[in-house]
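Asks: As given, the protein sequences belong to chains A and B, one line each in that order. Numbering-wise, this note's numbering comes out as the position in the first sequence, counting from 1, plus 22. Numbering-wise, this note's numbering comes out as the position in the second sequence, counting from 1, plus 55. Quick one: the structure is below, questions incoming.
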Amino acid sequence: EDKVVQSPLSLVVHEGDTVTLNCSYEVTNFRSLLWYKQEKKAPTFLFMLTSSGIEKKSGRLSSILDKKELFSILNITATQTGDSAIYLCAVLRAGKSTFGDGTTLTVKP
Amino acid sequence: NAGVTQTPKFQVLKTGQSMTLQCAQDMNHEYMSWYRQDPGMGLRLIHYSVGAGITDQGEVPNGYNVSRSTTEDFPLRLLSAAPSQTSVYFCASLPAVGNEQFFGPGTRLTVL
Numbered sequence: 023e024d025k026v027v028q029s030p031l032s033l034v035v036h037e038g039d040t041v042t043l044n045c046s047y048e049v050t051n052f053r054s055l056l057w058y059k060q061e062k063k064a065p066t067f068l069f070m071l072t073s074s075g076i077e078k079k080s081g082r083l084s085s086i087l088d089k090k091e092l093f094s095i096l097n098i099t100a101t102q103t104g105d106s107a108i109y110l111c112a113v114l115r116a117g118k119s120t121f122g123d124g125t126t127l128t129v130k131p
Numbered sequence: 056n057a058g059v060t061q062t063p064k065f066q067v068l069k070t071g072q073s074m075t076l077q078c079a080q081d082m083n084h085e086y087m088s089w090y091r092q093d094p095g096m097g098l099r100l101i102h103y104s105v106g107a108g109i110t111d112q113g114e115v116p117n118g119y120n121v122s123r124s125t126t127e128d129f130p131l132r133l134l135s136a137a138p139s140q141t142s143v144y145f146c147a148s149l150p151a152v153g154n155e156q157f158f159g160p161g162t163r164l165t166v167l
């Protein structure tokens, strides 16, 4: 059975801090690993990673995948209150996604 | 394109009632899925489909049925609602050669 574990489950920081969110998985032969942001509604897509060692960047967010050690991290630098959300990691295989329980990030002013 | 649409947005049922949550997509995506999300948890897969006429169970299929008679529609049926099925339900679609899932807005279901 595919398994995705995220840590920490929740995190409280202050504006300007840098955070690292972790995602480990027990899935073989997957197509891609995806990160989503969820703010009281449906998840919105952030990143898709398919190859090890290649860092994806979008402004203050970046992510990397390590297929040997079976984990991914999502970094957010210079956090803002608008970054407060649940961050979900998912692994896509054979047309279905397995999600972790998410990390709830709270950014205080 | 409307993307993925779900109806209704909110629903309250009594224990034992049945109902169907509707999901439709207009992007001609081959794959569709239903998830439920409980407070403090991620999305758990209920059922999914890799094409019209083909469905399969996910992690938490008990108490739910699906069918996929067309590429566009993927309804989820609750056979006899139970309080444990109180949750937010998301439908999603995915192209066969893509990686990004497109989510509907969700249905908030309460079973009393």
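Note that the Cβ used here is the ideal one computed from N, Cα and C, for glycine as well.
Just checking my contact of A/T125 with A/L33 at CB under 8 angstroms: how many whole Å lie between their CB atoms?
Replies: Position 103 of the first sequence, counted from the start, is the residue given in the question as residue 125 of chain A. Position 11 of the first sequence, counted from the start, is the residue given in the question as residue 33 of chain A. Sure, about 6 angstroms apart at Cβ, within 8 angstroms.
Asks: Give me the chain A residues within the contact set of B/F145, using Cβ-Cβ distance strictly less than 9 angstroms, ordered along the chain.
Replies: Taking the first residue of the second sequence as 1, we reach residue 145 of chain B at position 90. A64 and P65, listed in chain order.
Asks: How would you list, in chain order, the residues of chain B whose beta-carbon sits under 8 angstroms from the beta-carbon of A/L56?
Replies: To locate residue 56 of chain A, count along the first sequence from 1; it is residue 34. The answer, in chain order, is N154, E155 and Q156.
Asks: Using 8 angstroms as the Cβ pair cut-off and three pairs as the minimum, do the stretch 66-76 of chain A and the stretch 59-66 of chain B touch?
Replies: The stretch 66-76 of chain A vs the stretch 59-66 of chain B: no contact.
Asks: With burial defined as no fewer than 16 other Cβ atoms inside 10 Å of the residue's Cβ, what is the status of B/R91: buried or exposed?
Replies: Reading the second sequence from its first residue, position 36 is the one you call residue 91 of chain B. A residue is called buried once 16 or more other Cβ atoms fall within 10 Å of its Cβ, and B/R91 is buried on that count.
Asks: For B/V166, list the residues DSSP reports as bridge partners.
Replies: If you number the second sequence from 1, residue 166 of chain B lands on position 111. In DSSP, B/V166 forms a bridge with B/L68.
Asks: Contact criterion: CB-CB distance below 8 angstroms. Does B/L100 meet it with respect to chain A?
Replies: As a first step, residue 100 of chain B is located in the second sequence; it is residue number 45 there, counting from the start. Yes - at least one Cβ of chain A is within 8 angstroms of the one on B/L100.
Asks: Confirm, please, whether the CB-CB distance from B/L76 to B/L149 is below 8 angstroms.
Replies: Locating residue 149 of chain B in the second sequence gives position 94, where the first residue counts as 1. Locating residue 76 of chain B in the second sequence gives position 21, where the first residue counts as 1. Not closer than 8 angstroms, so no.
Asks: Kindly list the residues whose CB is nearer than 7 angstroms to the CB of A/Q102, restricted to its own chain and excluding five residues on each side of it in sequence; keep chain order.
Replies: As a working mapping, residue 102 of chain A is identified with position 80 in the first sequence. Cβ neighbours of A/Q102 beyond the five flanking positions: E37 and V129.
Asks: What are the start and end residues of each continuous alpha helix (DSSP H) run of 4 or more residues lying completely inside the stretch 59-121 of chain B, in chain order?
Replies: none
Asks: Using a C-beta cutoff of 8 angstroms, does A/L114 count as contacting chain B?
Replies: Counting from 1 along the first sequence, the entry for residue 114 of chain A is found at position 92. By this cut-off, A/L114 is an interface position.
Asks: Please identify the residue among A/S119, A/D88, A/K89 and A/L114 whose C-alpha is closest to the C-alpha of A/R53.
Replies: Looking up residue 53 of chain A in the first sequence gives position 31. Nearest option by C-alpha distance: A/L114.
Asks: From this set, B/H102, B/N154 and B/G153, which residue's C-alpha is nearest B/L133's C-alpha?
Replies: The residue you call residue 133 of chain B lines up with position 78 of the second sequence. When each option's Cα is compared against that of B/L133, the closest is B/H102.
Asks: Which word fits B/R123, buried or exposed, when buried means at least 16 other C-beta atoms lie within 10 angstroms of its C-beta?
Replies: Here residue 123 of chain B corresponds to residue number 68 of the second sequence, with the count starting at 1. With a 10 Å radius around the Cβ and a threshold of 16 neighbouring Cβ atoms, B/R123 comes out buried.
Asks: So within the stretch 58-86 of chain A, which uninterrupted beta strand (DSSP E) runs reach at least 3 residues, ignoring any that extend past its ends?
Replies: 66-71 and 78-80
Asks: Can you check which of these residues, B/M87, B/V121 and B/V115, is closest to B/G97 by C-alpha distance?
Replies: Numbered from 1 along the second sequence, position 42 holds the residue referred to as residue 97 of chain B. Closest by alpha carbon: B/V115.
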